[in-house]
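Let me begin by presenting the structure, written as C-alpha coordinates, before commenting on it.
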Amino acid sequence: MDDLEKIKIGVVAGGISSEREISLKSGRAVHESLSKHGFSSKLIDIKSQEKLKSSETYKGLVLVFIMIHGKGGEDGEIQSILEAAKIKYTGSDSTSSLNAFDKLKSKEIFEKNGLEVPLRMMLQHSPCLLYTSDAADE
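And the structure:
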(Lines of atoms letter the chains of each structure in order from A and count residues from 1; the text may use other names and numbers.)
(Lines give C-alpha, C1' and ligand atoms only; values in the text may rest on other atoms or scores of the structure.)
Protein backbone atom coordinates (compact mmCIF):
# COMPACT_ATOMS: atom_id res chain seq x y z
CA MET A 1 0.00 0.00 0.00
CA ASP A 2 2.91 2.37 0.67
CA ASP A 3 3.79 2.53 -3.04
CA LEU A 4 0.19 3.36 -3.95
CA GLU A 5 0.10 6.18 -1.42
CA LYS A 6 2.98 7.89 -3.25
CA ILE A 7 1.11 8.02 -6.56
CA LYS A 8 0.00 11.55 -7.39
CA ILE A 9 -3.71 11.40 -8.19
CA GLY A 10 -5.60 14.25 -9.78
CA VAL A 11 -9.35 14.32 -9.20
CA VAL A 12 -10.67 16.29 -12.16
CA ALA A 13 -14.08 17.85 -11.56
CA GLY A 14 -16.27 20.76 -12.57
CA GLY A 15 -16.23 21.23 -16.29
CA ILE A 16 -18.36 23.55 -18.36
CA SER A 17 -21.54 21.50 -18.76
CA SER A 18 -24.83 22.07 -16.95
CA GLU A 19 -23.72 19.28 -14.58
CA ARG A 20 -20.80 21.34 -13.22
CA GLU A 21 -22.07 21.68 -9.63
CA ILE A 22 -22.83 17.98 -9.12
CA SER A 23 -19.45 17.15 -10.67
CA LEU A 24 -17.70 19.43 -8.14
CA LYS A 25 -19.63 17.80 -5.30
CA SER A 26 -18.69 14.30 -6.54
CA GLY A 27 -15.08 15.37 -7.08
CA ARG A 28 -14.77 16.78 -3.56
CA ALA A 29 -16.13 13.53 -2.10
CA VAL A 30 -13.62 11.41 -4.07
CA HIS A 31 -10.73 13.76 -3.20
CA GLU A 32 -11.61 13.73 0.51
CA SER A 33 -11.91 9.94 0.56
CA LEU A 34 -8.57 9.45 -1.20
CA SER A 35 -6.86 11.93 1.16
CA LYS A 36 -8.47 10.35 4.23
CA HIS A 37 -7.05 6.98 3.19
CA GLY A 38 -3.52 8.33 2.77
CA PHE A 39 -3.35 8.93 -0.97
CA SER A 40 -1.69 11.99 -2.49
CA SER A 41 -4.76 13.59 -4.07
CA LYS A 42 -5.20 16.94 -5.75
CA LEU A 43 -8.66 18.34 -6.62
CA ILE A 44 -8.56 20.05 -10.02
CA ASP A 45 -11.47 22.34 -10.88
CA ILE A 46 -11.89 22.58 -14.64
CA LYS A 47 -13.44 26.00 -15.25
CA SER A 48 -12.73 26.35 -18.97
CA GLN A 49 -12.07 24.42 -22.15
CA GLU A 50 -8.54 25.83 -22.13
CA LYS A 51 -7.81 24.35 -18.68
CA LEU A 52 -9.26 20.99 -19.76
CA LYS A 53 -6.92 20.89 -22.77
CA SER A 54 -3.79 22.30 -21.12
CA SER A 55 -0.97 19.84 -20.38
CA GLU A 56 -0.09 22.01 -17.35
CA THR A 57 -3.35 20.91 -15.72
CA TYR A 58 -2.10 17.32 -15.48
CA LYS A 59 1.62 17.98 -14.90
CA GLY A 60 3.15 15.59 -12.35
CA LEU A 61 0.09 13.33 -12.10
CA VAL A 62 0.36 9.57 -12.42
CA LEU A 63 -3.39 8.91 -12.35
CA VAL A 64 -6.45 11.03 -13.07
CA PHE A 65 -9.77 10.22 -11.45
CA ILE A 66 -12.31 11.66 -13.92
CA MET A 67 -15.33 13.19 -12.18
CA ILE A 68 -16.47 15.60 -14.91
CA HIS A 69 -20.04 14.85 -15.89
CA GLY A 70 -21.40 15.42 -19.39
CA LYS A 71 -19.48 17.10 -22.21
CA GLY A 72 -15.74 17.09 -21.73
CA GLY A 73 -15.79 14.28 -19.18
CA GLU A 74 -17.96 11.52 -20.56
CA ASP A 75 -17.64 12.09 -24.29
CA GLY A 76 -14.05 10.95 -24.82
CA GLU A 77 -12.50 14.42 -24.80
CA ILE A 78 -10.53 14.27 -21.53
CA GLN A 79 -9.75 10.61 -22.20
CA SER A 80 -8.13 11.57 -25.55
CA ILE A 81 -6.12 14.32 -23.86
CA LEU A 82 -4.86 11.95 -21.15
CA GLU A 83 -4.10 9.18 -23.65
CA ALA A 84 -1.98 11.59 -25.70
CA ALA A 85 -0.13 12.61 -22.52
CA LYS A 86 0.27 8.93 -21.53
CA ILE A 87 -1.42 9.52 -18.16
CA LYS A 88 -3.49 6.72 -16.67
CA TYR A 89 -7.10 7.50 -15.80
CA THR A 90 -10.24 5.91 -14.44
CA GLY A 91 -13.09 4.81 -16.67
CA SER A 92 -13.40 3.73 -20.28
CA ASP A 93 -11.05 4.69 -23.11
CA SER A 94 -11.74 7.62 -25.43
CA THR A 95 -13.40 5.60 -28.21
CA SER A 96 -15.71 3.74 -25.83
CA SER A 97 -16.62 6.98 -24.07
CA LEU A 98 -17.37 8.74 -27.35
CA ASN A 99 -19.52 5.86 -28.56
CA ALA A 100 -21.42 5.60 -25.26
CA PHE A 101 -22.03 9.36 -25.16
CA ASP A 102 -23.61 9.24 -28.63
CA LYS A 103 -26.87 7.41 -27.87
CA LEU A 104 -27.64 6.65 -31.53
CA LYS A 105 -24.13 5.28 -32.14
CA SER A 106 -24.27 3.14 -28.99
CA LYS A 107 -27.61 1.64 -30.03
CA GLU A 108 -26.17 0.83 -33.47
CA ILE A 109 -23.24 -0.94 -31.79
CA PHE A 110 -25.62 -2.89 -29.53
CA GLU A 111 -27.72 -3.98 -32.54
CA LYS A 112 -24.63 -4.94 -34.53
CA ASN A 113 -23.63 -7.21 -31.65
CA GLY A 114 -27.01 -8.94 -31.47
CA LEU A 115 -28.57 -7.05 -28.58
CA GLU A 116 -32.18 -5.98 -28.75
CA VAL A 117 -32.77 -2.26 -28.40
CA PRO A 118 -35.97 -0.22 -28.26
CA LEU A 119 -37.21 1.44 -31.42
CA ARG A 120 -35.66 4.83 -31.94
CA MET A 121 -36.16 7.92 -34.00
CA MET A 122 -33.55 10.53 -34.86
CA LEU A 123 -34.88 14.07 -34.75
CA GLN A 124 -32.96 16.96 -36.14
CA HIS A 125 -33.43 20.56 -35.15
CA SER A 126 -34.84 22.71 -37.91
CA PRO A 127 -36.27 26.20 -37.93
CA CYS A 128 -39.95 26.23 -37.14
CA LEU A 129 -42.16 27.69 -39.83
CA LEU A 130 -44.92 29.87 -38.51
CA TYR A 131 -48.03 30.33 -40.57
CA THR A 132 -50.53 33.07 -39.99
CA SER A 133 -54.06 33.09 -41.13
CA ASP A 134 -55.57 35.97 -43.01
CA ALA A 135 -58.99 34.85 -41.79
CA ALA A 136 -58.90 37.35 -38.93
CA ASP A 137 -58.64 40.15 -41.48
CA GLU A 138 -61.83 39.09 -43.27
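Once you know that position 8 of the sequence shown is 5 in the working numbering, the rest is easy, because the numbers rise by one and skip nothing. All residues carry an ideal CB built from backbone N, CA and C; glycine is no exception.
ILE41 is bridged by DSSP to VAL9. Distance from the CA of SER38 to the CA of LEU116, rounded to the nearest whole angstrom, comes to 44 Å. Comparing C-alpha distances from ILE13 to each of PHE107, GLY67 and ILE41 shows the shortest one belongs to GLY67. Here ILE41 is near THR54, since their CB atoms are less than 8 Å apart.
Within the same chain, and ignoring the five residues on either side of SER103 in sequence, the residues whose Cβ sits closer than 7 Å to its Cβ are ASN96 and ALA97. Per DSSP, the continuous beta strand (DSSP E) segment holding VAL61 begins and ends at 60 to 63. Restricting attention to alpha helix (DSSP H) runs no shorter than 4 residues, the segment 61 to 97 encloses them at 74 to 81, ordered along the chain. Contact between LEU58 and ILE84 holds, with the beta-carbon distance rounding to 6 Å and staying under 8 Å. It is roughly 33 Å from the alpha-carbon of ASP0 to the alpha-carbon of GLU18.
For PHE107, the enclosing alpha helix (DSSP H) covers residues 100 to 109. Per DSSP, the continuous alpha helix (DSSP H) segment holding LYS33 begins and ends at 17 to 33.
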